[in-house]
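Some notes on the structure that comes next.
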Amino acid sequence: MKWSKTHLFTFKEAPNDAEIASHQLMVRAGLIKKLGPGLYTFGTFALRSLRKFEAIIREELEKAECQEVLMPMVHPRELWEETGRWSEMGDGLLKFKNRNDQWFCLGATHEEVITDYVRNDIKSYRHLPHTLYQIQTKYRDEVRPRFGLMRCREFIMKDAYSFDRTEEDAHKSYDRLFKAYQNIFDRLGVKYRHVMADSGNIGGNKSQEFQVIAEAGEDALMICDSCEYAANVEIAPSISQKEAYKGEFESLEKFDTPGFRTITDLSKGTGVAEKYLVKTMFLKDEDGKTYCVLLRGDDEVNDVKVKSLLGLSNPPEMLSEAEVKELTSASPGSCGPIGLKIPVILDEALENYSQFMVGANEDDKHYRGVSFPRDFKVDKVGDVKLAKEGDSCPNCGNGKYQNVRGIEVGHCFYLGKKYAEKLNANFLDENGKSQIVEMGCYGIGVSRTIQAVIEQSHDENGIVWPKNLAPFDVHICNLDPKKEEVASVVDKLVGDLQAMGIEVFEDDRKERPGVKFKDADLIGLPVRIVVGGKGVTNGELEVVERKTLEKSAVKIADIPSFVEKLLSQ
Ligand code: ATP
Ligand code: MG
């Protein structure tokens, strides 16, 4: 392909909203262009890369006995009402009416539609197992779309769904897809980890994410420094020492804490270490029900763990300062559990605390000598705090958590009967007895992955495409496109390379060499060949490997085999 005939425009500057390197580079290299918040057009180069990734996905999934389908993007409300997710999904689901006053939503995920597709066909155990997948556009009305393709409203996802006879079989399907995911991400040549994860409001109880390791990633991960264990911080268990603490005041008494707003203020003012102070947090669920959560002074609340402990469908939100005031009549900093008529959740690290301090629900006052159940009732005890670097590994016990950041590119869920039951997907087993189908679902953020790869693989000059995803293999900088002898060398080279299955892009624009080299670095194809009048006369051309920027002078006749070797490394 020749640049002069391609709609490809590069930019010196990145737009203001591009905060991370991969987003800046994708826009500057002309890969994507913004239409509106979370909405992007993929240019020819981006699409070529996407198609290569899709081909890898298709190959590995077909090997794993999956079959491709394509489902509608517009879904009728009635189907989503059957699972209760029409309302449960909240505003993330974009809903609209047609001319006949009927409600629809844009597909944010396809458990409902795929289950509807199979439910009337699957009648007997002989019709199972099946795993179906599609590669399709999803729409989620994300509150804050950002980071380019990382968090879009409209994005491309591969979603697969397994249907099995028994729980045991469903786990086998899960393992088969999990292995296929490992193969897929291995082939991209990126650093990634699979981590234990929350099941979100998709349901089910086994869930693992594939995370591309990158500082700019939105997810915090806890990785054991001595075994294979890794978990998203959302669910990473935090093993408490359950230290016993007993304060010096035996009976409950109120005392003055003027201007003490934070745990640090209180610790300084009273001389008690932060870890022996008790922090009070207030959260509310989707129905507006409020909860009081108590933690050690040096711990932070984990809303996903609170969600799981309470059996909520979404993580509860923190109350605003005004809401806290209305509930407790005090400002945050002077609040506590005593006298409130809301459920109290205690982090398990506090189980052996007594005679401690909490806010008195009166500005600038605290209680000391607080003990439970004497002074307040505890409704639930559990691990509701964020794990920290250095915490013990729950798997091996010897290792410690290390904290790294990741970009979630894939997710495997075991769903069980949750959707099949609500949607009446049943079959008759070997004994003629009606059974509910067992399901699993498996997503890959196809468009997000392309950007995640760039986030991990770039330098200060531009993108460094890994071979398997590069839009083209070779970038020819034709420095004298008007000269016939140069054009004929380029044409011969292009022909020879293409005959070997190597994809070539030629910069034949009327631009200065410096501009062409800068663009070649920015676009980042694996190999660059510089063809100019001088080189053609000498019979030797410069070949540059993008990853190392290493330059070699290579005889024209040897270039195809030299390039082939570079690409196979
Ligand atoms: P996240 O936690 O990042 O919001 P999710 O867990 O809600 O994602 P899934 O329902 O597991 O997402 O979707 C499968 C995959 O689709 C994710 O692993 C991710 O790679 C991709 N994905 C999800 N939301 C977006 C988005 N807004 N923009 C781009 N890709 C997305
Ligand atoms: Mg997910």
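Residue 1433 is where the sequence shown starts when you use my numbering, and the numbers rise one by one after that. Positions of the beta carbon are idealized from the N, C-alpha and C atoms, including for glycine.
Assumed close pair C1828, L1772 - CB separation to whole angstroms, cut-off 8 Å:
Translated into the one-based positions of the sequence shown, residue 1828 becomes position 396. Translated into the one-based positions of the sequence shown, residue 1772 becomes position 340. With 8 Å as the limit, C1828 and L1772 do not qualify as a contact, their Cβ atoms being about 41 Å apart.
With a 10 Å radius around its C-beta and 16 neighbouring C-beta atoms as the bar for buried, classify V1845 as buried or exposed.
Position 413 of the sequence shown, counted from the first residue, corresponds to residue 1845. First, the residue type needs correcting, since residue 1845 is Phe and not Val in the sequence shown. Label assigned to F1845: buried.
Determine the direct distance from the alpha carbon of A1652 to that of V1976, and round the result to whole angstroms.
Here the question's residue 1976 lines up with position 544 in the sequence shown. Here the question's residue 1652 lines up with position 220 in the sequence shown. So the two alpha carbons sit approximately 37 Å from each other.
Assign G1475 to buried or exposed, taking buried as 16 or more other Cβ atoms, counted over all protein chains shown, within 10 Å of its Cβ.
On the sequence shown, position 43 is the one that residue 1475 refers to. Counting Cβ neighbours within 10 Å, G1475 comes out buried, since at least 16 surround it.
Let me check one thing: in DSSP terms, what residues is Y1565 bridge-paired to?
The sequence position of residue 1565 within the sequence shown is 133, counting from 1. According to DSSP, which records beta bridges pairwise, Y1565 is partnered with E1500, A1592.
DSSP-derived helix/strand/coil call for W1512:
Here residue 1512 refers to the residue found at position 80 of the sequence shown. Three-state result, W1512: helix.
Say yes only if the C-beta of R1880 is nearer than 6 Å to one or more non-hydrogen atoms of the ligand ATP, and no if none qualify.
Counted from its first residue, the sequence shown places residue 1880 at position 448. Yes, since a heavy atom of the ligand ATP falls inside the 6 Å radius drawn around the Cβ of R1880.
Got a sec? Which residues, its chain only, sit under 6 Å from P1469 by beta carbon, not counting five neighbours each side?
Translated into positions along the sequence shown, residue 1469 becomes position 37. Here the set comprises P1577.
Answer with buried or exposed for V1947, where buried requires no fewer than 16 other C-beta atoms within 10 angstroms of its C-beta.
Locating residue 1947 in the sequence shown gives position 515, counting from the first residue. Exposed is the call here.
Terminal residues of the continuous beta strand (DSSP E) containing I1774?
Against the sequence shown, residue 1774 aligns to sequence position 342. From DSSP, I1774 is part of no beta strand (DSSP E); its letter is neither H nor E.
Starting from the C-beta of Q1834, find all residues in its chain whose C-beta is less than 8 Å away, skip the five residues before and the five after it, and write them out in chain order.
On the sequence shown, position 402 is the one that residue 1834 refers to. Hits under 8 Å: M1654, I1655, C1656, D1657, E1821.
What is the rounded straight-line gap between the Cα of I1554 and the Cα of E1491?
On the sequence shown, position 122 is the one that residue 1554 refers to. On the sequence shown, position 59 is the one that residue 1491 refers to. C-alpha separation (whole angstroms): 26 Å.
Taking only heavy atoms of the ligand MG into account, decide whether any of them is closer than 6 Å to the Cβ of H1559.
Locating residue 1559 in the sequence shown gives position 127, where the first residue counts as 1. No; taking the cut-off as 6 Å, the Cβ of H1559 has no heavy atom of the ligand MG nearer than that.
For D2002, count neighbouring Cβ atoms within 10 angstroms of its own Cβ and tell me buried if that reaches 16, exposed if not.
Outside the displayed span of the chain (1433 to 2001) sits residue 2002, for which this structure offers no information.
Does the ligand ATP have even one heavy atom less than 6 Å from the beta-carbon of H1387?
With the chain covering only 1433 through 2001, there is no way to say anything about residue 1387.
Roughly how many angstroms lie between the CA atoms of Q1534 and E1853, to the nearest whole one?
On the sequence shown, residue 1534 is found 102 positions in, with the first residue counted as 1. On the sequence shown, residue 1853 is found 421 positions in, with the first residue counted as 1. Rounded to whole angstroms, Q1534 to E1853 spans 26 Å at the Cα level.
Should E1445 go down as buried or exposed, given a rule of 16 or more other Cβ atoms within 10 Å for buried?
Sequence index remark: in the sequence shown, residue 1445 carries index 13 (1-based). It is exposed - the Cβ of E1445 has fewer than 16 other Cβ atoms within 10 Å.
Given the structure, does E1544 come close to the ligand ATP, in the sense that its CB is under 6 Å from one of the ligand's heavy atoms?
For the purposes of this step, residue 1544 is taken as residue 112 along the sequence shown, with counting starting at 1. False, no ligand heavy atom lies under 6 Å from that Cβ.
Quick check: the Cα distance between I1882 and K1757, rounded to an integer number of angstroms?
Within the sequence shown, the letter at position 450 stands for residue 1882. Within the sequence shown, the letter at position 325 stands for residue 1757. One C-alpha to the other measures close to 46 Å.
With 16 other CB atoms within 10 Å as the buried threshold, where does P1690 fall?
The sequence position of residue 1690 within the sequence shown is 258, counting from 1. Exposed, since its Cβ has fewer than 16 Cβ neighbours within 10 Å.
With distances taken between CB atoms, is the gap from K1899 to L1981 smaller than 7 Å?
Residue 1899 sits at position 467 when you count from the first residue of the sequence shown. Residue 1981 sits at position 549 when you count from the first residue of the sequence shown. In this structure, L1981 does not lie closer than 7 Å to K1899 by Cβ.
Quick test of your reading: E1870 and R1619, contact by CB under 8 Å. State the CB separation rounded to the nearest angstrom.
Within the sequence shown, numbered from 1, the residue matching residue 1870 stands at position 438. Within the sequence shown, numbered from 1, the residue matching residue 1619 stands at position 187. Beta-carbon to beta-carbon, E1870 and R1619 are separated by about 29 Å, too far to satisfy the 8 Å threshold.
Could you tell me the alpha carbon to alpha carbon distance between E1780 and K1678, rounded to whole angstroms?
Residue numbering aside, residue 1780 sits at position 348 when the sequence shown is read from its first letter. Residue numbering aside, residue 1678 sits at position 246 when the sequence shown is read from its first letter. So the two alpha carbons sit approximately 16 Å from each other.
Is it the case that the Cβ atoms of M1505 and H1542 are separated by a distance below 7 Å?
In the sequence shown, counting from the first residue as 1, residue 1505 sits at position 73. In the sequence shown, counting from the first residue as 1, residue 1542 sits at position 110. Not a contact, by the Cβ cut-off of 7 Å.
Contact defined as beta carbons within less than 8 Å: I believe Q1574 pairs with R1585. What is the distance between those atoms, to the nearest angstrom?
Counting from one through the sequence shown, the residue named residue 1574 turns up at place 142. Counting from one through the sequence shown, the residue named residue 1585 turns up at place 153. Per the sequence shown, residue 1574 should be read as Glu rather than Gln. About 5 Å separates the two Cβ atoms, so the contact holds.
Quick one: residues in its chain with C-beta nearer than 7 Å to the C-beta of F1949, no 5 flanking neighbours on either side, listed in chain order?
To locate residue 1949, count along the sequence shown from 1; it is residue 517. Excluding residues within five positions, the ones whose Cβ falls inside 7 Å are C1909.
Between which two residues does the alpha helix (DSSP H) holding W1518 run?
Locating residue 1518 in the sequence shown gives position 86, counting from the first residue. Counting along the chain, the alpha helix (DSSP H) containing W1518 begins and ends at 1517 to 1520.
In terms of DSSP beta bridges, what is R1578 paired with?
Within the sequence shown, the letter at position 146 stands for residue 1578. R1578 is bridged to R1583.
Can you list, in chain order, the stretches of the beta strand (DSSP E) that have 3 or more residues and sit fully within the stretch 1451 to 1478?
Listed in chain order, the complete beta strand (DSSP E) runs (minimum 3 residues) inside the stretch 1451 to 1478 are 1464 to 1468, 1471 to 1474.
Spatial neighbours of N1830 within its chain, please: CB distance less than 6 Å, with the 5 preceding and 5 following residues excluded, ordered by chain position.
Locating residue 1830 in the sequence shown gives position 398, where the first residue counts as 1. Cβ neighbours of N1830 beyond the five flanking positions: S1658.
Do F1579 and H1455 have their C-beta atoms closer together than 7 Å?
Start at 1 with the first residue of the sequence shown, and residue 1579 comes out as number 147. Start at 1 with the first residue of the sequence shown, and residue 1455 comes out as number 23. Taking 7 Å as the Cβ cut-off, F1579 and H1455 qualify as a contacting pair.
With DSSP as the reference, label N1910 as helix, strand or coil.
Within the sequence shown, residue 1910 is the residue found at index 478, counting from 1. The three-state secondary structure of N1910, taken from DSSP, is strand.
Taking the alpha carbon of E1706 as the point to measure from, which residue in G1927, T1696, T1712 has its own alpha carbon closest?
Here the question's residue 1706 lines up with position 274 in the sequence shown. The shortest Cα separation from E1706 among G1927, T1696, T1712 belongs to T1696.
Alpha carbon to alpha carbon, how far is I1839 from L1698?
In the sequence shown, counting from the first residue as 1, residue 1839 sits at position 407. In the sequence shown, counting from the first residue as 1, residue 1698 sits at position 266. Rounded to whole angstroms, I1839 to L1698 spans 38 Å at the Cα level.
Mind checking whether the beta-carbon of G1517 lies closer than 6 Å to any heavy atom of the ligand ATP?
Here residue 1517 refers to the residue found at position 85 when the sequence shown is read from its first residue. Gly is not the amino acid found at residue 1517; the sequence shown has Arg there. Every heavy atom of the ligand ATP is 6 Å or more from the Cβ of R1517, so no.
The beta strand (DSSP E) spanning N1664 covers which residue range?
Taking the sequence shown and counting its residues from 1, one reaches residue 1664 at position 232. Where N1664 is concerned, the enclosing beta strand (DSSP E) stretches over 1662 to 1664.
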